[in-house]
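A.B. asks: Just dropping this structure here.
Protein chains: 2
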Amino acid sequence: MDILISNGIILPMNVEDGDDICFSGFAGIDGNRISFVSRSPEDAELFLEKHPDADRIDATGKIVMPGLINTHTHVAMALLRGVSDDVPLMEWLEQHIWPIEGKMGYQEVYDGARLGILEMLMGGTTTFVDMYPYEEAVAQAAESAGIRSVVSPCPMDFRMEHFENDWRQVQKRFKGSELVTMWMGPHSIYTLSGKNLQRSISLSEELGVGSHIHLSETQTEQDNSMAQHGMSPTEYLEKEGLFRTRTLAAHCVVMSDHDIEILAGNGVSVAHNPQSNMKLASGIAPVKKMLDAGINVSIGTDGASSNNDLDMWEEMRTASLLQKVSTLDPCAIPAYTALQMATINGAKAIGREGELGVIAAGALADVILVDIEKPHLYPHTNLISELVYSTHASDVDTVIVNGTIVVKNRKCLTMNAQEVCSTAQKHIDSLLNK
Amino acid sequence: MDILISNGIILPMNVEDGDDICFSGFAGIDGNRISFVSRSPEDAELFLEKHPDADRIDATGKIVMPGLINTHTHVAMALLRGVSDDVPLMEWLEQHIWPIEGKMGYQEVYDGARLGILEMLMGGTTTFVDMYPYEEAVAQAAESAGIRSVVSPCPMDFRMEHFENDWRQVQKRFKGSELVTMWMGPHSIYTLSGKNLQRSISLSEELGVGSHIHLSETQTEQDNSMAQHGMSPTEYLEKEGLFRTRTLAAHCVVMSDHDIEILAGNGVSVAHNPQSNMKLASGIAPVKKMLDAGINVSIGTDGASSNNDLDMWEEMRTASLLQKVSTLDPCAIPAYTALQMATINGAKAIGREGELGVIAAGALADVILVDIEKPHLYPHTNLISELVYSTHASDVDTVIVNGTIVVKNRKCLTMNAQEVCSTAQKHIDSLLNK
């Protein structure tokens, strides 16, 4: 179904310097792509002449902007929301998270992913980059829910056999999918031998796909890398050749100036996860420094069990506020930069620049409408700062992915919310032996 | 109207060690006070026998908890939301905020306060502590909207005459009000001469009211105090005798161990405003250290122009996450502590311990219902961490203040939201000469 969006405040996210950042106007969707964006009602009429049956959305009082791109999550961990909080990292992993994850199979991952995807769609996230065991289940959940995904089957030394099966299945079932893209997800330097890392790199090169990795999340990772390899995790990965593949590195909290140079020089993108880094007390990533060095920094939520939600609005806001206070510079990461990180930088991180993260003719139709007729968003003086500093996930009214309306008037059309929630509850009760 | 709340998950916030933090049950409201809280349906039936006309609220799938207490704001600054962001502090104040504030009179403050109060009520805040010129207007807006307030007319050297008039008017109009309490609001040591500070202290003592002050918000304040007085702001205020009055100190970012000892020794409460401190790049308050020293630390949002909202859920979450990352301790400020800061600690800060911030027989009926039947709050494994790490202002369904339902099914019953928003828009457009 073609769609005409009328009378909205269009926020294209790709304007040239000097142009208006946003303007009142119209946008038309033809199939899965945006066919025009314009200030002019005449262009809307022309579109309707060609597409008389188009679905018409009145966007009065709403911002029309690109869907948000969550560049690092483990979406199925929505199932583990709240099972362990406020404890030391290793206790969290070893005593709480890993024992439950060890009991999770295909079905648990599928239903956990459905819960996380429902939350993301309702909050305006239209693309997510995932890494987890059973990415086949995540891809299945994502495609059926109508969200765009990059799934990264995840080699780890203790489950290489599972990985080999997982990527083959994803490849087999989702090759050519409009919504699902597969990358390799070499988990981290501390869970992968050199040999298994090389296996991941070879596969990335062979299949022509990118690599999604955890990098320098904690001081412990840095210290162990120095002890084991005599170099930082970033230096080690450069030496091993990972950066020959398009790489998206999550976290990058503990980074020397040399590490930053390496990422910049190799065109590595970063997924910054501020709330997870805060909650797990990992530290504060030098985001301003990385951006200043020319690194493409995007935003992720990480899994819901270390956040505890998949809310990109909070993540944008926190990214901005945390850099301001940690650099003692109130000008650090201004609102528009945070919005770029969550949209066009995300698109660039997954190699979809120009196609995603923008409202522009020819781009894929991943579009959200944000209702700004709310007391906490009044008065309207600066829409960009309103979006970053005051908007909530619950202000997202309509979500379109690949030209299909998946959320309308805050109702998800592709999933039964009650059923998704109660299924997740049953799984976690069973996993916790309740 | 009396009220019976049935089948909710009651979160009393005043349980003894070893007791359940929350439980399924019932609560009755008789006039403006809670008359019973119980697990037993029989108590509910007894209540209905005595109060057959009671309004009945079915709280199935909802948490029943004390309304949140925002212990530091300038509520009328909701009018200035978004007018200036991402600029250095002095430029923000001198070039943007102060010139507009200089043009704001009684009506602008009144209508700005209405906007902020509407936002707070819709998000479950039932009491706020304010400081601003024209507190008479704030008190009027608050009382008519049905929210509880502590207003602090605000002596500052350049407007002492205004202050003298303001506190007299508040005293005259709101003495004996059930909802409005007046405190003194000596603005800060950098805006008050010793003489005017003494005037504020004398008035506090004469009227038997507390003092609400900005304290050690920035390194500049600390440096100037050292230069001018040869001591820290806290040491100076102790010497001047402010702490003889019940004191609520906002911010407390730059604090020595000696400063912390002084506050603890004098029973001074702190209002922690993490998002404002981050956005203005003021620094990170040593909240864990202050709590460990026995200081009663509560939570405030500060004004909307430095936040940019009045959302206590985000503030709780940020308070917890920011201490974890700044102390590198994931156990710092666990979820329940953050909830205490926003409820019972707030009550204690304004001298209303036992009366506010708890769900208990005899306490004032300031009660909120939070709808947890939402995808971003599933599965339910730990309700406390759900409230602090995942709940949004928009999950608040019902709000009762002083026994009166002011928000029901997310609709404010005491204000016309559309009118409040459009009035605020007209004012700011006029103030900005648009």
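Going down the list, the protein sequences come from chains A and B.
Residue 350 in our numbering is what sits at position 350 of the first sequence, and the numbering runs on without skipping anything.
Going from the second sequence to our numbering is simple: count from 1 and add 434.
Just so it is clear, CB atoms sit at the ideal spot from N, CA and C, and this is done for glycine as well.
Take Met-13 (chain A) as the anchor and find which of A:Glu-355, A:Thr-423 and A:Glu-42 has the nearest alpha-carbon.
C.D. replies: The candidate whose alpha carbon is nearest that of Met-13 (chain A) is A:Glu-355.
A.B. asks: Counting contacts by CB-CB distance shorter than 9 Å, is Gln-275 (chain A) in contact with chain B?
C.D. replies: Gln-275 (chain A) counts as touching chain B.
A.B. asks: Within 9 Å (strictly less), CB to CB, does Ala-281 (chain A) reach chain B?
C.D. replies: Closer than 9 Å: yes.
A.B. asks: Note down, in chain order, every chain A residue with its Cβ under 9 Å from the Cβ of Lys-758 (chain B).
C.D. replies: Within chain A, the residues near Lys-758 (chain B) are Asp-86, Met-278, Lys-279, Leu-280 and Ala-281.
A.B. asks: Is there a Cβ of chain A sitting closer than 9 Å to that of His-706 (chain B), yes or no?
C.D. replies: Not closer than 9 Å to any Cβ of chain A, the Cβ of His-706 (chain B) fails to qualify, so no.
A.B. asks: Tell me the DSSP secondary structure of Met-511 (chain B) in three-state form.
C.D. replies: Reduced to three states, the DSSP call for Met-511 (chain B) is helix.
A.B. asks: Assuming Trp-313 (chain A) and His-392 (chain A) are in contact, meaning their beta carbons sit under 8 Å apart, how far apart are those beta carbons, in whole angstroms?
C.D. replies: Rounded, the Cβ-Cβ distance is 6 Å, consistent with contact.
A.B. asks: Quick check on the burial criterion: 16 or more other C-beta atoms within 10 angstroms. Buried or exposed for Ile-439 (chain B)?
C.D. replies: Ile-439 (chain B) is buried by the Cβ-count criterion.
A.B. asks: Could you confirm whether any beta carbon from chain A is found closer than 9 Å to the beta carbon of Thr-777 (chain B)?
C.D. replies: For Thr-777 (chain B), the answer is no, since every Cβ of chain A falls outside 9 Å of its Cβ.
A.B. asks: Could one say the Cβ of Pro-330 (chain A) lies closer than 9 Å to chain B's Cβ atoms, at least one of them?
C.D. replies: Closer than 9 Å to some Cβ of chain B, the Cβ of Pro-330 (chain A) qualifies, so yes.
A.B. asks: Cα separation between Thr-181 (chain A) and Leu-482 (chain B)?
C.D. replies: Each residue's Cα considered, the two are about 60 Å apart.
A.B. asks: Compare the C-beta of Trp-428 (chain A) with all C-beta atoms of chain B and state if any pair is closer than 9 Å.
C.D. replies: A small correction: the amino acid at residue 428 (chain A) is Ile; Trp does not occupy that position in the sequence shown. Ile-428 (chain A) counts as touching chain B.
A.B. asks: Kindly identify the DSSP beta-bridge partner or partners of His-212 (chain A).
C.D. replies: In the DSSP output, where bridge partners are listed per residue, His-212 (chain A) has A:Leu-248.
A.B. asks: Cβ closer than 9 Å: which chain B residues qualify as neighbours of Gly-124 (chain A)?
C.D. replies: Within 9 Å Cβ-Cβ: nothing; Gly-124 (chain A) doesn't reach chain B, min ~12 Å.
A.B. asks: Along the chain, where does the beta strand (DSSP E) containing Lys-496 (chain B) start, and where does it finish?
C.D. replies: Taken as a continuous stretch (DSSP letters only), the beta strand (DSSP E) holding Lys-496 (chain B) covers 496–500.
A.B. asks: I need the DSSP call for Glu-787 (chain B), collapsed to helix, strand or coil.
C.D. replies: Strand.
A.B. asks: What is the DSSP secondary structure of Val-15 (chain A), counted as helix, strand or coil?
C.D. replies: Here Val-15 (chain A) sits in coil by DSSP.
A.B. asks: What separation, rounded to the nearest whole angstrom, lies between the Cα atoms of Val-253 (chain A) and Val-759 (chain B)?
C.D. replies: When rounded, the distance between both Cα atoms is 12 Å.
A.B. asks: What residues in the stretch 296–315 of chain A bring their beta carbon closer than 9 Å to a beta carbon of chain B?
C.D. replies: The stretch 296–315 of chain A vs chain B, Cβ under 9 Å: Ala-304, Asn-307, Asn-308, Asp-309, Leu-310, Asp-311 and Glu-314.
A.B. asks: What runs of the alpha helix (DSSP H), each 4 residues or longer, lie entirely inside the stretch 97–153 of chain A?
C.D. replies: List check, alpha helix (DSSP H) in window: 98–103, 106–122 and 135–145.
A.B. asks: Which value, in whole angstroms, describes the spacing of the CA atoms of Met-594 (chain B) and Ser-638 (chain B)?
C.D. replies: Roughly 15 Å between the two C-alpha positions.
A.B. asks: When DSSP labels each residue in this structure, what does Arg-844 (chain B) get in the three-state scheme?
C.D. replies: Three-state result, Arg-844 (chain B): coil.
A.B. asks: Sorted by chain position, which residues of the same chain lie with C-beta nearer than 7 Å to Ser-320 (chain A)'s C-beta, five sequence neighbours on each side aside?
C.D. replies: Cβ neighbours of Ser-320 (chain A) beyond the five flanking positions: Ile-333, Ala-335, Ala-338 and Val-388.
A.B. asks: Compare the C-beta of Ala-858 (chain B) with all C-beta atoms of chain A and state if any pair is closer than 9 Å.
C.D. replies: Answer yes: the Cβ-Cβ gap between Ala-858 (chain B) and chain A drops below 9 Å somewhere.
A.B. asks: Check whether the Cβ atoms of Ala-719 (chain B) and Met-750 (chain B) lie closer than 9 Å to each other.
C.D. replies: No, the pair does not count as a contact, with Cβ atoms beyond the cut-off.
A.B. asks: Tell me, please, whether the CB atom of Pro-99 (chain A) is closer than 9 Å to any CB atom in chain B?
C.D. replies: No, Pro-99 (chain A) does not count as interfacial toward chain B.
A.B. asks: Nearest CA to the CA of Lys-860 (chain B): which residue from A:Ile-384, A:Asn-409, A:Ile-405 and A:His-380?
C.D. replies: Out of A:Ile-384, A:Asn-409, A:Ile-405 and A:His-380, A:His-380 has the C-alpha closest to the C-alpha of Lys-860 (chain B).
A.B. asks: With burial defined as no fewer than 16 other Cβ atoms inside 10 Å of the residue's Cβ, what is the status of Ile-455 (chain B): buried or exposed?
C.D. replies: Exposed: under 16 other Cβ atoms inside 10 Å.
A.B. asks: If contact is defined by three or more beta carbon pairs under 8 Å, each pair taking one atom from either stretch, is the stretch 75–95 of chain A in contact with the stretch 349–365 of chain A?
C.D. replies: Output reads no: the stretch 75–95 of chain A does not touch the stretch 349–365 of chain A.
A.B. asks: Would Val-420 (chain A) pass as an interface residue toward chain B - the criterion being a Cβ-Cβ separation below 9 Å?
C.D. replies: Closer than 9 Å to some Cβ of chain B, the Cβ of Val-420 (chain A) qualifies, so yes.
A.B. asks: Beta carbon of Leu-432 (chain A), beta carbon of Thr-398 (chain A): below 9 Å?
C.D. replies: For Leu-432 (chain A) and Thr-398 (chain A), no; Cβs fall outside 9 Å.
A.B. asks: Strictly under 9 Å for the Cβ-Cβ distance: is Asp-334 (chain A) near chain B by that measure?
C.D. replies: Per the sequence shown, the amino acid found at residue 334 (chain A) is Pro instead of Asp. Yes, because at least one Cβ of chain B sits closer than 9 Å to the Cβ of Pro-334 (chain A).
A.B. asks: For Val-804 (chain B), write down the residues that DSSP places opposite it in a beta bridge.
C.D. replies: DSSP output for Val-804 (chain B) lists B:Ile-497 and B:Val-830 as bridge partner(s).
A.B. asks: For the putative contact between Ile-784 (chain B) and Leu-682 (chain B), defined by C-beta atoms under 8 Å, what is the C-beta separation to the nearest angstrom?
C.D. replies: The pair is a contact, with the Cβ atoms about 7 Å apart (cut-off 8 Å).
A.B. asks: I'd like to know whether the C-beta of Gly-580 (chain B) is nearer than 9 Å to at least one C-beta of chain A.
C.D. replies: No, Gly-580 (chain B) lies away from the interface with chain A (no Cβ there is under 9 Å from its Cβ).
A.B. asks: Considering only residues of the same chain and omitting the five flanking positions on each side of Leu-68 (chain A), which have a CB-CB separation below 6 Å?
C.D. replies: These residues qualify, in order along the chain: Gly-124, Thr-125, Met-312 and Ala-342.
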